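Novice: Here it is, the structure in full.
There are 2 protein chains.
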Amino acid sequence: MSLDDKATKPHDRLAEALAAEMSAVNDLIRARMSSEHAPRIPEVTAHLIEAGGKRLRPMLTLAAARMLGYDGPYHVHLAATVEFIHTATLLHDDVVDESQQRRGRPTANLLWDNKSSVLVGDYLLARGFQLMTETDNMRVLNILSNASAVIAEGEVLQLTAAQDLRTDEGIYLQVIRGKTAALFSAATEVGGVIAGGTDAQVQALFEYGDALGIAFQMVDDLLDYGGSAAETGKNVGDDFRERKVTLPVIKAVAAADAAERAFWSRVIEKGKQEPGDLEEALALMAKHGALEATKAEAIAWADKARAALAALPDHPLRAMLDDLADFVVARVR
Amino acid sequence: MSLDDKATKPHDRLAEALAAEMSAVNDLIRARMSSEHAPRIPEVTAHLIEAGGKRLRPMLTLAAARMLGYDGPYHVHLAATVEFIHTATLLHDDVVDESQQRRGRPTANLLWDNKSSVLVGDYLLARGFQLMTETDNMRVLNILSNASAVIAEGEVLQLTAAQDLRTDEGIYLQVIRGKTAALFSAATEVGGVIAGGTDAQVQALFEYGDALGIAFQMVDDLLDYGGSAAETGKNVGDDFRERKVTLPVIKAVAAADAAERAFWSRVIEKGKQEPGDLEEALALMAKHGALEATKAEAIAWADKARAALAALPDHPLRAMLDDLADFVVARVR
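This is how it looks when you write it as structure tokens:
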């Protein structure tokens with residue numbers, strides 16, 4: 135591998151290696167997101183789908199299938215299904231979070247209304263399910279419908295855990311497994327299943343996706359207390375202002391004395407935030423090493439993802455997935 | 135059939151004939167709507183599912199399968215799936231309509247919040263899909279995922295057609311096929327498919343459900359201009375106040391002179407409603423026979439539903455479905 139290759143980001147190299155199939159995925163997404171009868175649907179979906187995003191999840195499905203030597207057409211259907219499910223959850227999340235921006239553009243709920251976001255999300259979910267029935271493979275249907283249930287469950291859990299300082303690391307892990315890792319692991323697992331992988335290979339693909347998703351979300355939650363808007367598309371302190379109980383907060387609260395606990399209770403549970411509170415939160419996190427500990431956990435999950443790859447055949451795509459796990463935590467390493 | 139039997143409502147007789155299986159459906163719904171991790175989920179669903187409702191759609195699935203001699207277990211799974219999809223759409227509808235009451239009780243979005251309604255709806259939809267994969271029958275998966283897409287499409291179409299007097303009878307039919315008839319026809323069709331019915335029988339079951347659903351929704355829209363809250367659970371004029379363009383309005387607008395058109399434009403398109411406007415709308419509908427014409431169309435669809443039953447075996451359940459089609463329009467006949 136040349137120095138030049140090393141310089142490009144792993145998901146760019148994945149996109150290049152999978153270019154022909156990703157183009158087929160994009161064609162399928164465009165064809166199936168349209169609606170003859172309701173023009174509002176392609177308006178909303180085009181806004182979101184054309185905005186891009188990294189298409190990381192469908193690439194995981196394609197890479198998993200190709201690594202195991204799959205040469206049929208259905209990994210494309212599954213990759214498109216995964217992106218439909220992802221897009222549907224983004225639309226519903228923006229309603230739930232009352233978000234105003236997504237991928238640097240105004241959200242659909244702001245441009246149209248909450249109603250359109252809810253219903254178009256439902257439409258995309260149904261289209262995703264339709265698409266996967268075309269594979270005629272009951273096992274992948276099972277995996278992806280299970281993942282959808284786990285995603286929704288994780289989102290509900292996040293809703294009830296927010297603003298509640300009793301949220302512990304166990305609940306946090308359940309939340310991020312649901313909201314993020316479940317779709318990553320389903321994406322890699324169905325790629326392995328459609329390719330007819332052995333049980334050990336399918337299990338390894340599941341574990342890679344699961345650990346990658348967890349590392350990805352932990353880094354995201356960490357950057358909220360230390361990244362910049364330019365790097366992450368979100369502003370430092372968004373989670374703090376929304377009173378989300380993420381891992382850095384959980385770790386700082388676990389080590390808090392009585393006065394510090396009163397601070398966390400005021401800003402997170404009671405929501406009475408004043409100027410300077412974010413700086414105080416950051417100082418408490420630094421005092422107790424909460425950000426360092428979160429970083430260490432994210433790196434451990436990325437290592438776990440890379441270790442899972444050992445059960446899979448040696449393949450250029452496997453090397454890229456290895457680099458991807460590394461890259462996910464490189465932003466904070 | 136005794137006079138006494140005649141006196142009970144057809145869906146009560148269906149419920150009696152299918153009591154053992156409906157009890158299995160209810161057990162399955164209760165088991166699958168729970169969530170180990172997120173207690174908010176059963177709170178919201180119990181509120182809605184325990185409130186009752188007539189369970190009409192799952193009974194249609196059970197009746198269709200039984201009429202064709204099915205003796206396996208999977209019509210129960212499919213009936214529960216149909217009810218999950220129905221409940222999920224109710225939760226999302228209440229967010230979309232900003233409703234305050236459903237089945238005589240406060241809606242979930244009012245008791246909890248819109249967020250919970252969106253996410254718990256997603257959860258129920260996913261649980262429905264999980265449940266139907268257990269039947270291991272790809273054709274029913276296809277039918278129900280298609281129905282979900284048509285439902286969402288119909289709801290979006292309704293959203294963009296509301297407050298727009300260019301909405302014609304063709305668009306209206308598409309809307310109500312989506313929002314109501316698609317799940318009725320999928321419910322009857324999958325019952326036939328799981329029972330291994332012939333193509334002609336499955337087609338007849340589809341047509342029965344489709345026509346029944348259309349008649350059902352037309353009557354609902356008609357009662358909104360002539361029923362009472364006690365009978366229907368909604369108040370006369372709700373659709374008018376929400377500026378929905380339903381069949382009675384479409385028919386009155388089609389026959390309107392210039393002054394009447396200005397009235398409709400003001401109250402529906404501009405939404406500038408004043409005291410007395412509902413009475414004026416009712417007078418214009420009476421003048422042009424709009425309510426009578428709507429009633430005639432509903433009755434024609436109910437007749438079409440009954441005619442479809444001729445292709446099915448003679449069976450006590452068939453007679454109840456025949457009575458049911460009659461009963462749906464009896465409220466306005």
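Sequence lines, in order, name chains A and B.
For the first sequence, my numbering begins at 135 and goes up steadily by one.
For the second sequence, my numbering begins at 135 and goes up steadily by one.
Here a beta-carbon is modelled for each residue, glycine too, at the ideal position from N, C-alpha and C.
Treat the numbers as computed from the prediction; the structure is a model and nothing was measured.
What residue from A:L381, A:R377, A:D358 and A:A439 has the CA that sits closest to V370 of chain A's CA?
Specialist: For this step, residue 370 of chain A is matched to residue 236 along the first sequence. Comparing Cα-Cα distances from V370 of chain A to each of A:L381, A:R377, A:D358 and A:A439, the minimum goes to A:D358.
Novice: Return helix, strand or coil for S169 of chain A, following the three-state DSSP convention.
Specialist: As a first step, residue 169 of chain A is located in the first sequence; it is residue number 35 there, counting from the start. Residue state, collapsed to three classes: coil.
Novice: Have a look at V229 of chain B and A432 of chain A and give me their C-alpha separation to the nearest angstrom.
Specialist: Counting from 1 along the second sequence, the entry for residue 229 of chain B is found at position 95. Counting from 1 along the first sequence, the entry for residue 432 of chain A is found at position 298. In a straight line, the C-alpha of V229 of chain B is about 37 angstroms away from that of A432 of chain A.
Novice: Output needed in chain order: residues of the stretch 257 to 290 of chain B with a Cβ under 7 angstroms from some Cβ in chain A.
Specialist: Y257, L259, A260, R261, F263, Q264, T267, D270, M272, L275, N276, S279, N280, S282, A283, A286, E287, E289 and V290
Novice: Do we get a CB-CB distance below 8 angstroms when we pair A364 of chain A with the residues of chain B?
Specialist: As a position in the first sequence, residue 364 of chain A is number 230, starting the count at 1. Bear in mind that the predicted position of A364 of chain A carries a pLDDT of just 48, short of 50, making it unreliable; the figure below should be weighed with that in mind. The C-beta of A364 of chain A comes no closer than 8 angstroms to any C-beta of chain B.
Novice: Return yes when the Cβ of L194 of chain A is within less than 8 angstroms of the Cβ of G331 of chain A, no when it is not.
Specialist: For this step, residue 331 of chain A is matched to residue 197 along the first sequence. For this step, residue 194 of chain A is matched to residue 60 along the first sequence. No, these two residues do not count as a Cβ contact at 8 angstroms.
Novice: Where V353 of chain B and A434 of chain B are concerned, what is the direct C-alpha to C-alpha distance, given to the nearest angstrom?
Specialist: Position 219 of the second sequence, counted from the start, is the residue given in the question as residue 353 of chain B. Position 300 of the second sequence, counted from the start, is the residue given in the question as residue 434 of chain B. Rounded to whole angstroms, V353 of chain B to A434 of chain B spans 12 angstroms at the Cα level.
Novice: Just the Cα atoms here: how many angstroms apart are I384 of chain A and T314 of chain A?
Specialist: Indexing the first sequence from 1 puts residue 384 of chain A at position 250. Indexing the first sequence from 1 puts residue 314 of chain A at position 180. When rounded, the distance between both Cα atoms is 19 angstroms.
Novice: From the beta carbon of K406 of chain A, is the nearest beta carbon of chain B less than 8 angstroms away?
Specialist: Translated into positions along the first sequence, residue 406 of chain A becomes position 272. Not one chain B Cβ lies under 8 angstroms of K406 of chain A.
Novice: On the criterion of 16 or more Cβ atoms from any shown chain inside 10 Å, does K421 of chain A qualify as buried, or is it exposed?
Specialist: Residue mapping note: residue 421 of chain A aligns to position 287 of the first sequence, counting from 1. Burial check for K421 of chain A: the Cβ neighbour count within 10 Å stays below 16, so the residue is exposed.
Novice: Just curious, the alpha helix (DSSP H) that I285 of chain A is in, first and last residue?
Specialist: For the purposes of this step, residue 285 of chain A is taken as the residue at position 151 of the first sequence. I285 of chain A -> alpha helix (DSSP H) spans M272 to A295.
Novice: Please state if the CB of M156 of chain A and the CB of R189 of chain A are separated by a distance shorter than 8 angstroms.
Specialist: The residue labelled residue 189 of chain A in the question sits at position 55 within the first sequence. The residue labelled residue 156 of chain A in the question sits at position 22 within the first sequence. In contact: R189 of chain A and M156 of chain A (Cβ atoms closer than 8 angstroms).
Novice: Span of the alpha helix (DSSP H) holding Y306 of chain A?
Specialist: For the purposes of this step, residue 306 of chain A is identified with residue 172 of the first sequence, where counting begins at 1. E303 to I310 is the extent of the alpha helix (DSSP H) around Y306 of chain A.
Novice: Using beta carbons (cut-off 8 angstroms, strictly below), is I433 of chain A in contact with chain B?
Specialist: Indexing the first sequence from 1 puts residue 433 of chain A at position 299. Chain B, which has no Cβ nearer than 8 angstroms to the Cβ of I433 of chain A, makes this no.
Novice: Under 8 angstroms, with one C-beta from each stretch per pair, do the stretch 279 to 289 of chain A and the stretch 303 to 319 of chain A reach the 3-pair mark?
Specialist: yes
Novice: Between the stretch 440 to 447 of chain A and the stretch 406 to 425 of chain A, are three or more C-beta pairs nearer than 8 angstroms?
Specialist: no
Novice: Take A386 of chain A and list the residues in its own chain whose beta-carbon comes closer than 7 angstroms to its own, dropping the five residues that flank it on each side.
Specialist: Taking the first residue of the first sequence as 1, we reach residue 386 of chain A at position 252. Hits under 7 angstroms: L418, M419, H422 and A424.
Novice: Do you know how far the Cα of L258 of chain A is from the Cα of T221 of chain A?
Specialist: One-based indexing of the first sequence puts residue 221 of chain A at position 87. One-based indexing of the first sequence puts residue 258 of chain A at position 124. Each residue's alpha carbon lies about 8 angstroms from the other.
Novice: Between the beta-carbon of D298 of chain A and the beta-carbon of V401 of chain A, is there less than 8 angstroms?
Specialist: As a working note, residue 298 of chain A is residue 164 in the first sequence. As a working note, residue 401 of chain A is residue 267 in the first sequence. In this structure, V401 of chain A does not lie closer than 8 angstroms to D298 of chain A by Cβ.
Novice: Starting from Y204 of chain B, trace the alpha helix (DSSP H) both ways and give me its first and last residue.
Specialist: Here residue 204 of chain B refers to the residue found at position 70 when the second sequence is read from its first residue. First-last for Y204 of chain B: undefined, no H or E at that position.
Novice: DSSP on Y257 of chain B, reduced to helix/strand/coil?
Specialist: Walking along the second sequence from the start, residue 257 of chain B turns up at place 123. Y257 of chain B: helix per DSSP, three-state reduction.
Novice: Measure the beta-carbon distance from A197 of chain A to L455 of chain A and round it to whole angstroms, keeping in mind my assumption that it falls under 8 angstroms.
Specialist: In the first sequence, residue 197 of chain A corresponds to position 63, counting from 1. In the first sequence, residue 455 of chain A corresponds to position 321, counting from 1. Confirmed, about 6 angstroms.
Novice: Where does P341 of chain B land, buried or exposed, given buried means 16+ other C-beta within 10 angstroms?
Specialist: Counting from 1 along the second sequence, the entry for residue 341 of chain B is found at position 207. The sequence shown places Glu at residue 341 of chain B, not Pro. Its Cβ being crowded by 16 or more others within 10 Å, E341 of chain B is buried.
Novice: Between P144 of chain A and F461 of chain A, how many whole angstroms is the CB-CB distance? I'm expecting something under 8 angstroms.
Specialist: Indexing the first sequence from 1 puts residue 144 of chain A at position 10. Indexing the first sequence from 1 puts residue 461 of chain A at position 327. So it is a contact: roughly 5 angstroms between Cβ atoms.
Novice: Looking only at its own chain, which residues have a Cβ that is under 6 angstroms from the Cβ of V159 of chain B, when we skip the five neighbours before and after it?
Specialist: Counted from its first residue, the second sequence places residue 159 of chain B at position 25. Cβ neighbours of V159 of chain B beyond the five flanking positions: P192, V210, A213 and A214.
Novice: Is it true that the CB of G343 of chain A sits closer than 8 angstroms to the CB of A321 of chain A?
Specialist: For the purposes of this step, residue 321 of chain A is identified with residue 187 of the first sequence, where counting begins at 1. For the purposes of this step, residue 343 of chain A is identified with residue 209 of the first sequence, where counting begins at 1. Yes, Cβ-Cβ distance for A321 of chain A and G343 of chain A is below 8 angstroms.
Novice: Using C-beta distances below 6 angstroms, list every residue in its chain close to V466 of chain A, excluding the 5 sequence neighbours before and after it, in chain order.
Specialist: Counting from one through the first sequence, the residue named residue 466 of chain A turns up at place 332. Correct list, in chain order: V353, L356 and K429.
Novice: Report the option in A:M272, A:N276, A:G262 and A:L224 whose CA atom is closest to the CA atom of A281 of chain B.
Specialist: Mapped onto the second sequence, residue 281 of chain B falls at position 147. A281 of chain B has its Cα closest to that of A:G262, out of A:M272, A:N276, A:G262 and A:L224.
Novice: Compute the Euclidean distance between the alpha carbons of P207 of chain A and N248 of chain B, then round it to the nearest angstrom.
Specialist: Taking the first residue of the first sequence as position 1, residue 207 of chain A is located at position 73. Taking the first residue of the second sequence as position 1, residue 248 of chain B is located at position 114. Straight-line Cα distance between these residues: approximately 40 angstroms.
Novice: I'd like to know whether the C-beta of H171 of chain A is nearer than 8 angstroms to at least one C-beta of chain B.
Specialist: For the purposes of this step, residue 171 of chain A is identified with residue 37 of the first sequence, where counting begins at 1. Closer than 8 angstroms: yes.
Novice: Is the separation between the beta-carbon of M266 of chain A and that of D270 of chain B shorter than 8 angstroms?
Specialist: The residue you call residue 266 of chain A lines up with position 132 of the first sequence. The residue you call residue 270 of chain B lines up with position 136 of the second sequence. Against a cut-off of 8 angstroms, the Cβ pair of D270 of chain B and M266 of chain A comes out as no contact.
Novice: Please look up how many angstroms separate the CB atoms of V178 of chain B and V254 of chain B, rounded, as I've assumed it's under 8 angstroms.
Specialist: Start at 1 with the first residue of the second sequence, and residue 178 of chain B comes out as number 44. Start at 1 with the first residue of the second sequence, and residue 254 of chain B comes out as number 120. Contact flag correct, Cβ pair sits at about 4 angstroms.
Novice: Taking P450 of chain B as part of the alpha helix (DSSP H), name the residues at either end of that continuous run.
Specialist: What you label residue 450 of chain B is simply residue 316 of the second sequence in a count that begins at 1. That run of the alpha helix (DSSP H) goes P450 to A464.
Novice: Name, please, each residue of chain A whose Cβ falls closer than 7 angstroms to the Cβ of I384 of chain B.
Specialist: Position 250 of the second sequence, counted from the first residue, corresponds to residue 384 of chain B. Result: empty, since nearest Cβ-Cβ is about 17 angstroms, beyond 7 angstroms.
Novice: Helix, strand or coil for V327 of chain B, going by three-state DSSP, please let me know.
Specialist: If you number the second sequence from 1, residue 327 of chain B lands on position 193. In the structure shown, V327 of chain B sits in a helix (DSSP, three-state: H, G or I).
Novice: How would you write the range of the alpha helix (DSSP H) that D247 of chain A sits in, first residue to last?
Specialist: Numbered from 1 along the first sequence, position 113 holds the residue referred to as residue 247 of chain A. Neither: D247 of chain A is in no alpha helix (DSSP H) and is coded neither H nor E.
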